[in-house]
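J.: First the structure, then my questions, so here it is.
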Amino acid sequence: MQRRYLKYAILSLLITSGTAAFAQIDNPMGGMAIPKAKSTVTPSAIPAKTDLPSSVMPPAKTYNATDLTKKKEEFSMIKKEEFVNRGTEYQDRVNQSVQQKGESNEAFRGNQSFGEVRTKSNYFTIFSADYGLEDGDRIRVLVNDRVVIPEFTLTNNSKALQIMLQPGFNKIEFEAMNQGTSGPNTAQFTIIDDHEKQLMSNQWNLATGFKASVMVIKE
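For the sequence shown, numbering that gives the first Met the number 0 begins at 0 and goes up steadily by one.
What follows is the structure, given as structure tokens:
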């Protein structure tokens with residue numbers, strides 16, 4: 000009886016020892032290895048990144064170029080027409096004034112002569128001024144039919160003109176180039192020699208194209 004019990008005890012011990020050894024070989028750390036289960040879950044797809052604008056701008060406002068140009072041209076035409084009309088009215092008044100006061104005035108349609116003077120000077124000076132309305136009277140000066148001063152505008156302030164003299168006769172002429180806006184062409188003039196001695200003083204009233212003259216004899 001005891002032998003049978005001992006036999007079962009030894010057999011049980013061997014079985015227990017074999018099981019423990021098998022477990023240690025399969026998992027050296029002392030734990031039981033559990034095989035990793037295969038995953039059947041499919042990861043969800045990540046949506047592709049889309050480029051978004053940093054800011055949303057309102058659509059640019061556009062204009063009709065044809066309409067704008069048309070309005071600008073109409074505005075310019077109106078202004079231009081007003082300017083032309085005003086200029087025409089002014090010119091008509093000027094022309095009427097000239098016709099009434101100068102160009103057709105027969106009393107001044109002729110040359111004026113102031114005689115002669117004698118001097119030993121090499122030159123003389125003429126001081127001249129418009130004694131009437133300062134309206135743009137212009138003259139040219141000739142010596143012995145030669146133009147020495149092509150154009151000279153008369154004002155209410157006296158201006159000086161210097162004329163060189165040749166020995167003998169020097170015919171000095173003042174030709175009216177226009178009659179201004181209130182004709183005739185008017186001037187007060189004074190002639191002095193190079194010693195500041197007055198030789199002559201007088202006035203002229205001339206229609207356009209006519210002359211006032213003085214003969215200067217250099218001795």
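All C-beta atoms in this analysis are idealised placements derived from N, C-alpha and C, irrespective of residue type, glycine included.
1) Which whole-angstrom value describes the C-beta separation of glutamine 130 and alanine 186, a residue pair presumed to lie in contact below a C-beta threshold of 8 Å?
2) Please report the Cβ distance between leucine 141 and valine 215, rounded to the nearest whole angstrom; I am assuming they are in contact, meaning their Cβ atoms lie under 8 Å.
3) I'd like the list of long-range same chain contacts for serine 200, defined as Cβ closer than 6 Å, with 5 residues on each side in sequence excluded.
4) Under 8 Å, with one C-beta from each stretch per pair, do the stretch 197 to 212 and the stretch 148 to 159 reach the 3-pair mark?
5) Report the CB separation of isoleucine 171 from valine 213 in whole angstroms; it is logged as a contact under 8 Å.
6) Please list, in chain order, all residues of the same chain as asparagine 184 whose beta carbon is under 6 Å from its beta carbon, the five residues on each side excluded.
7) Using a 10 Å radius around the Cβ and a threshold of 16 neighbouring Cβ atoms, would you call aspartate 134 buried or exposed?
8) Per DSSP, what kind of secondary structure is alanine 206 in: helix, strand or coil?
9) Using a Cβ-Cβ cutoff of less than 6 Å, which residues in the same chain neighbour tryptophan 203 once the five nearest sequence positions on both sides are dropped?
10) Select from Ala106, Phe107, Glu218, Lys158 the residue whose C-alpha is nearest the C-alpha of alanine 128.
11) For a test of the three-state rule: what should DSSP assign to glutamate 150, helix, strand or coil?
T.: Let me spell this out:
1) For the purposes of this step, residue 130 is identified with residue 131 of the sequence shown, where counting begins at 1. For the purposes of this step, residue 186 is identified with residue 187 of the sequence shown, where counting begins at 1. Residue 130 is actually tyrosine in this sequence, not glutamine. About 7 Å separates the two Cβ atoms, so the contact holds.
2) Stepping through the sequence shown from its first residue, residue 141 is reached at position 142. Stepping through the sequence shown from its first residue, residue 215 is reached at position 216. At roughly 13 Å, the Cβ-Cβ gap does not stay under 8 Å, so leucine 141 and valine 215 are not in contact.
3) Here residue 200 is taken as the residue at index 201 of the sequence shown, counted from 1. So the qualifying residues of the chain are Thr189.
4) no
5) Position 172 of the sequence shown, counting from 1, holds the residue named residue 171. Position 214 of the sequence shown, counting from 1, holds the residue named residue 213. With a Cβ gap of about 5 Å, isoleucine 171 and valine 213 count as contacting.
6) In the sequence shown, residue 184 corresponds to position 185, counting from 1. Cβ neighbours of asparagine 184 beyond the five flanking positions: Asp136, Ala175, Gln178, Leu205.
7) As a first step, residue 134 must be located in the sequence shown, where it is residue number 135. Buried, by the Cβ-count rule.
8) Position 207 of the sequence shown, counted from the start, is the residue given in the question as residue 206. Coil at alanine 206, not helix or strand.
9) Stepping through the sequence shown from its first residue, residue 203 is reached at position 204. Only Gln111, Ala186, Ala211 meet the Cβ criterion.
10) Within the sequence shown, numbered from 1, the residue matching residue 128 stands at position 129. Ranking Ala106, Phe107, Glu218, Lys158 by Cα distance to alanine 128 puts Lys158 first.
11) Taking the first residue of the sequence shown as 1, we reach residue 150 at position 151. DSSP, reduced to helix, strand and coil, places glutamate 150 within a strand of the structure shown.
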